[in-house]
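Contents: one structure, followed by commentary.
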Ligand code: AMP
Ligand code: GLY
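In this note's numbering, the protein residues as written are 48 to 474.
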């Protein structure tokens, strides 16, 4: 089988890496891919934009590609699945109506309310005056969110009324483009975040191993929010008891409610949870895709061939499969970022040490890299995901750090404390 993978991050490199472990997969084309997918055997990059649906469909139909696996949310929200399905291709990823679960926070909150899924109290506003008086009435801390896709930048956890008000102004003044037509204001939740990614065929929904992401740039979870600076899996805070509750109180309800709305949702449903100190949880957000960097720690532990799961979702027979099988142990990934990220940073720095890191036992997934005359150079804020696997989390974390020591490029930055909560025995 030939597969087309859409996207260019560490998540897509990990998807390609996992799919290529199967002999069933003859060839993968990655659109547009990165420096990592460029140099893998049986994989090639195709320089098209992720929303060039016509370009992808022509290429796929001409070259015998039967399955398209979509990484990022933007093409899903723009309807890539609807478009390519209409051309006769199998697509892993929800249709446009389903992708609203990520593309509109107001829509997702309404769905949670309808489905009685536990989530933070909220209100939706279409203009600033009412939003600001709501903030004054509720007090702080309070969370202000732009409604639409904002590349992870549309959320402000405001400590003061002034902060909340300027976030409201920024959104309505169009700082996030069309993401700013609505503002969602939410109760501020405290606790620990866990990502539960689940695979669904629209009828059955099965969680993958829970993972924990580290979103802040600084050690001890301080400083600006980023796309994710590291992750580990499984996350011990998501106990089997908690996962059983997530299945019935979140995943099953979400899929049943989507179906009741006439939405046949097939792909990944990612629930971002906040687990309170008392062990209860609420859903912070849903995403319509694999998490990044969660995928880079979940897939190394997956024992069931990924393409079997993906095809079962697309063909609506996930319920017929045996339970998803996992390898023993744990994995951790540390993100090597460009100096300055998540602010401005340089691109084009030569990267060395990847073979030495891999010789030390890690898997290096490329994120923001490209090939420049056979040299791998930096091409984004999050550059590499150095991933270790071990018998337990401590070993996986130690391996990832032993590997990343070998990586060098001008301005490299990475957090030294990925997994620190587990390593400190705080969970
Ligand atoms: P979201 O895009 O909705 O996941 O928000 C991004 C990040 O903002 C989350 O990962 C949390 O760290 C934080 N966040 C979002 N909603 C809340 C909330 N209600 N209470 C506290 N933190 C939140
Ligand atoms: N790691 C967070 C996300 O993928 O949204």
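For glycine and all other residues, C-beta sits at the position ideal for the given N, C-alpha and C.
Listed as beta-bridge partners of residue 416 by DSSP are 425. Boundaries of the beta strand (DSSP E) harbouring residue 328: 328-334, taken from the DSSP string.
The Cβ atoms of residue 302 and residue 247 sit closer than 8 Å to each other. Residue 456 is bridged by DSSP to nothing; it lacks a bridge partner. Distances from the CB of residue 98 to the heavy atoms of the ligand GLY are all 7 Å or more.
With fewer than three CB-CB distances shorter than 8 Å, the segment 364-371 does not count as touching the segment 402-413. In this chain, the alpha helix (DSSP H) harbouring residue 306 covers 299-307. A distance below 7 Å between beta-carbons, with the five flanking residues on each side excluded, links residue 151 to the following residues of its chain, in chain order: 194, 195. Listed in chain order, the alpha helix (DSSP H) runs fully inside the segment 191-267 are 208-219, counting runs of at least 4 residues.
Per DSSP, residue 378 is one residue of the beta strand (DSSP E) stretching across 377-384.
A direct Cα-Cα distance of roughly 14 Å separates residue 305 from residue 317. Counting only unbroken stretches of 4 or more residues, the alpha helix (DSSP H) elements lying wholly within the segment 129-190 are 143-150, 152-162, 175-185, in sequence order. The three-state reading of DSSP puts residue 322 in strand, counting E and B together. The beta carbons of residue 360 and residue 149 sit about 17 Å from each other, so the pair does not count as a contact at 8 Å.
For residue 394, the secondary structure class from DSSP, reduced to helix, strand or coil, is coil.
Closest option to residue 232, judged by alpha-carbon separation, among 218, 357, 458: 218.
Rounded to whole angstroms, residue 106 and residue 138 show a C-alpha spacing of 15 Å. Bounds of the beta strand (DSSP E) holding residue 51 are 49-54. Inter-residue distance for residue 190 and residue 204 is about 4 Å (C-alpha atoms, whole angstroms).
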